[in-house]
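Down below is the structure, laid out as structure tokens.
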Amino acid sequence: MQYLGIDLSNTDANLLFVSDGREQKLLLRTELCRDKREDRWYIDAEAYEKALAGRGSMVQGLLAESERDGLLVAEDTEYRAVELLARFLKLARKQVLGDEKAEELRTVIVLPDYRLAFVRELAALLPQFGFPAERTRLVSREESFLAFISAEPALLAAGEVGLFDLAEKSLCFYMAREKKEKGRSCLYAEQRKLRDAFTLRMLSTPQGERMADQVLTVSAERLLRNRHFASVILTGEGFNRMSWSEGFQRAICKGQRKLYQEKELFARGAVEACRLSENSGIAPRLICAGRAAAQISLPVKQYGEERELVLIEAGESLLTAGGSFRLLPEDRKELLLTVSAGPRGAAQTLSVPLGFLPAREEKSCYVDCAFRFGDERTVSLKLRDAGFGEIYPPSGEVLAQEVELWE
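So that you can map any letter, position 239 of the sequence shown is 239 in the UniProt record's numbering, and since no number is skipped, the others follow by simple counting.
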């Protein structure tokens, strides 16, 4: 099989292509160049050659503007940023594959901020740029991290795993742990964006190196205190050179913690996510950004027996979750959503009032329900009066409501 992992940021794209055990790595600036004379686009060295020769116009900020659903200008023409991002991904894939055919290629694209509205937009566009929907996935960096360590079982077996990611004006800390639930391995990850970020230009002088080391040392001592981290991994451009961070490394290694460095962690995690998608029956359940933190269900009666109508299982992708069904409420007062216990808190029951329904006898008002998730905290419900056969035609009354699953 062929796997392609792409770790995206607003400045760089880290690609890892694996084919029959062989690896091809590629680091690109997340930029495009449009030819001044025709609608042709270039990346990497060819883009800079065109721009320097005055024959092309560079476009930057592809990811940041895409997340804002913004527009970018090239040669006095406005383009949707998300379309240019999809075009960039197509050109980047072509460059890393070289002469390899991509008929069975599985691709996982890792996003630093997993915002469902943007992810849905990009996922809808990618098939137009040669990324088949059935073999292409968009995941969070938390999910990529979990996929990476799922391939390294010894790391989790020893305890929690921490990850520091240092990039230009960006410092993030990730935590991962394993828990057995009903005989199945469940992996949990969360991310913290730290305020201690700094420009990597600091590392160009001895004084800047000392300051950066002090900042990270304080962060490590605070984050790792009173936690059972058995190992910590370092990734990101800021850790490409390690000699400046001696104090930080000592703080990490206290208490026999092990320290690892993995330069392409998220791209490598994306490749592992490709492999996991082929073995869904035995894959661990992942609880992280982009996936449901708990089971959400609706208590119903079917053929006289009480049961749970499950809207989403814990660990299921929020991107593909959603659906519709028809209910016959017994008292027309409320619908009850059950949220199972999870990392966000204890189990709870949430009420959705049905006051929009017209006054009728009990059990005489069908309700059509449609749902989708805005993020891991919010489910969007659309409830419509479906009437009751020929006796009560639909009134046209509709209730659209956002339900907060956790505070």
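Each residue gets a CB set at the ideal place from its N, CA and C atoms; glycine is no exception.
**OP:** With a cut-off of 8 Å on the beta carbons, I'd call Ser9 and Thr30 a contact; round off their distance for me.
**Re:** Translated into the one-based positions of the sequence shown, residue 9 becomes position 9. Translated into the one-based positions of the sequence shown, residue 30 becomes position 30. With 8 Å as the limit, Ser9 and Thr30 qualify as a contact, their Cβ atoms being about 7 Å apart.
Original post:
Taking all protein chains shown into account, do 16 or more other C-beta atoms lie within 10 angstroms of the C-beta of Ile149, making it buried, or fewer, making it exposed?
Top reply: As a first step, residue 149 must be located in the sequence shown, where it is residue number 149. Buried, since its Cβ has 16 or more Cβ neighbours within 10 Å.
**OP:** Evaluate Val18 with the Cβ neighbour count: other Cβ atoms within 10 Å of its Cβ, from every protein chain shown; 16 or more gives buried, anything less gives exposed.
**Re:** Here residue 18 refers to the residue found at position 18 of the sequence shown. So Val18 counts as buried.
Original post:
Per DSSP, what kind of secondary structure is residue 456 in: helix, strand or coil?
Top reply: For residue 456 there is no data in the structure shown, the boundaries of the chain being 1 and 407.
Original post:
From Glu330 to Leu318, what distance separates their C-alpha atoms?
Top reply: In the sequence shown, the residue the question calls residue 330 occupies position 330. In the sequence shown, the residue the question calls residue 318 occupies position 318. Taking the straight line joining both Cα atoms gives about 30 Å.
Original post:
First and last residue of the beta strand (DSSP E) that includes Glu233?
Top reply: Residue 233 sits at position 233 when you count from the first residue of the sequence shown. Contrary to the premise, residue 233 reads as Ile rather than Glu in this sequence. First-last of the beta strand (DSSP E) with Ile233: Phe229 to Thr235.
Original post:
Using a beta-carbon distance below 8 Å, is Arg184 in contact with chain B?
Top reply: Absence of chain B from the displayed structure is noted, only one protein chain being present.
**OP:** Look at the alpha carbon of Asn14 and the alpha carbon of Ile6, and state the distance between them as a whole number of angstroms.
**Re:** Along the sequence shown, one-based indexing puts residue 14 at 14. Along the sequence shown, one-based indexing puts residue 6 at 6. Between Asn14 and Ile6, the C-alpha separation is close to 6 Å.
**OP:** Can you tell me which of the three DSSP states Ser204 falls into?
**Re:** Taking the first residue of the sequence shown as position 1, residue 204 is located at position 204. Ser204 falls in the helix class under three-state DSSP.
Subject >> Span of the alpha helix (DSSP H), counted from its first residue to its last, around Cys274 >> reply: For the purposes of this step, residue 274 is taken as residue 274 along the sequence shown, with counting starting at 1. Looking at the DSSP string, the run of the alpha helix (DSSP H) that includes Cys274 is Leu265 to Glu278.
Original post:
Is the region 107-125 in contact with the region 234-253, if contact means three or more CB pairs nearer than 8 Å?
Top reply: no
**OP:** Return the CA-CA distance between Leu328 and Glu404, expressed in angstroms with no decimal places.
**Re:** Walking along the sequence shown from the start, residue 328 turns up at place 328. Walking along the sequence shown from the start, residue 404 turns up at place 404. Each residue's alpha carbon lies about 24 Å from the other.
**OP:** Out of Phe388, Cys288 and Leu336, point me to the one whose CA is closest to Arg377's CA.
**Re:** Translated into the one-based positions of the sequence shown, residue 377 becomes position 377. Out of Phe388, Cys288 and Leu336, Cys288 has the C-alpha closest to the C-alpha of Arg377.
**OP:** Check each candidate in Ala212, Asn226, Arg137 and Phe229 and name the one with the smallest Cα separation from Phe248.
**Re:** One-based indexing of the sequence shown puts residue 248 at position 248. Cα-wise, what sits closest to Phe248 is Ala212.
**OP:** Rounded to whole angstroms, what's the CA-CA distance from Leu298 to Ser170? Just pull it up for me.
**Re:** For this step, residue 298 is matched to residue 298 along the sequence shown. For this step, residue 170 is matched to residue 170 along the sequence shown. Those two C-alpha atoms are separated by around 41 Å.
Subject >> Through-space distance from Arg307 to Ala346, alpha-carbon basis >> reply: Position 346 of the sequence shown, counted from the start, is the residue given in the question as residue 346. Position 307 of the sequence shown, counted from the start, is the residue given in the question as residue 307. Those two C-alpha atoms are separated by around 21 Å.
Original post:
On the three-state DSSP scale, how would you describe Gly159?
Top reply: Within the sequence shown, the letter at position 159 stands for residue 159. Reduced to three states, the DSSP call for Gly159 is coil.
Subject >> Distance CB(Val110)-CB(Val139) smaller than 8 Å >> reply: By 1-based counting over the sequence shown, the position of residue 110 is 110. By 1-based counting over the sequence shown, the position of residue 139 is 139. Contact: yes.
Original post:
So what's Gln295 in DSSP terms, helix, strand or just coil?
Top reply: For the purposes of this step, residue 295 is taken as residue 295 along the sequence shown, with counting starting at 1. Gln295: coil per DSSP, three-state reduction.
Subject >> Top-ranked residue by Cα proximity to Glu38, from Glu221, Phe388, Phe373 and Asp76 >> reply: Taking the first residue of the sequence shown as position 1, residue 38 is located at position 38. With distances taken between Cα atoms, Glu38 lies closest to Asp76.
Original post:
Looking only at its own chain, which residues have a Cβ that is under 7 Å from the Cβ of Leu27, when we skip the five neighbours before and after it?
Top reply: Numbered from its first residue, the sequence shown carries residue 27 at position 27. Here the set comprises Asp12 and Asn14.
Subject >> Terminal residues of the alpha helix (DSSP H) in which Arg87 lies >> reply: If you number the sequence shown from 1, residue 87 lands on position 87. Unbroken alpha helix (DSSP H) run through Arg87: Ala81 to Leu97.
Subject >> DSSP three-state assignment for Arg66, whether helix, strand or coil >> reply: Against the sequence shown, residue 66 aligns to sequence position 66. In the sequence as presented, Arg is not what sits at residue 66; that position holds Ser. Here Ser66 sits in helix by DSSP.
**OP:** Report the residue from Glu361, Asp368, Phe356 and Cys274 whose alpha carbon sits nearest the alpha carbon of Tyr3.
**Re:** For the purposes of this step, residue 3 is identified with residue 3 of the sequence shown, where counting begins at 1. For the residues Glu361, Asp368, Phe356 and Cys274, the minimum Cα distance to Tyr3 belongs to Cys274.
**OP:** Could you tell me which residues DSSP puts in a beta bridge with Asp165?
**Re:** Position 165 of the sequence shown, counted from the start, is the residue given in the question as residue 165. Answer is Cys172 and Thr235, bridged to Asp165.
Subject >> Residue from Pro127, Cys186, Glu209 and Gln302 with nearest C-alpha to Ala293 >> reply: Against the sequence shown, residue 293 aligns to sequence position 293. Ranking the options by Cα distance to Ala293, first place goes to Cys186.
**OP:** Going by CA-CA distance only, name the one from Gly374, Ala270, Val232 and Glu46 that's closest to Gln261.
**Re:** Numbered from its first residue, the sequence shown carries residue 261 at position 261. Cα-wise, what sits closest to Gln261 is Val232.
**OP:** Reducing DSSP to helix, strand and coil, say where Ile149 ends up.
**Re:** As a first step, residue 149 must be located in the sequence shown, where it is residue number 149. Helix, per DSSP.
**OP:** Measure the Cβ-Cβ separation of Ala147 and Leu276 and say whether it is below 8 Å.
**Re:** Sequence index remark: in the sequence shown, residue 147 carries index 147 (1-based). Sequence index remark: in the sequence shown, residue 276 carries index 276 (1-based). Yes. Within cutoff.
Original post:
Mind checking whether Ala321 and Gln295 have CB atoms under 8 Å apart?
Top reply: In the sequence shown, residue 321 corresponds to position 321, counting from 1. In the sequence shown, residue 295 corresponds to position 295, counting from 1. Not closer than 8 Å, so no.
Subject >> Per-residue burial, Arg225 [other beta carbons within 10 Å of its own, 16 or more giving buried] >> reply: Translated into positions along the sequence shown, residue 225 becomes position 225. Per the 10 Å Cβ criterion, exposed.
Subject >> Endpoints, the alpha helix (DSSP H) within which Gln249 is located >> reply: By one-based count along the sequence shown, residue 249 stands at place 249. Its alpha helix (DSSP H) spans residues Glu246 to Ile252.
Original post:
Buried or exposed: where does Val73 fall if 16 or more other Cβ atoms within 10 Å of its Cβ makes it buried?
Top reply: Here residue 73 is taken as the residue at index 73 of the sequence shown, counted from 1. By the neighbour-count rule (16 or more Cβ atoms within 10 Å), Val73 is not buried but exposed.
**OP:** In the DSSP assignment, find the unbroken beta strand (DSSP E) run with Phe373 in it and report its ends.
**Re:** Looking up residue 373 in the sequence shown gives position 373. Run containing Phe373: Tyr366 to Asp375, per the beta strand (DSSP E) assignment.
Original post:
Under a three-way DSSP split, which group does Met211 fall into?
Top reply: Indexing the sequence shown from 1 puts residue 211 at position 211. Correct three-state label for Met211: helix.
Subject >> Span of the alpha helix (DSSP H) around Arg29 >> reply: Taking the first residue of the sequence shown as position 1, residue 29 is located at position 29. Run containing Arg29: none in the alpha helix (DSSP H); it sits in the beta strand (DSSP E), Arg22 to Arg29.
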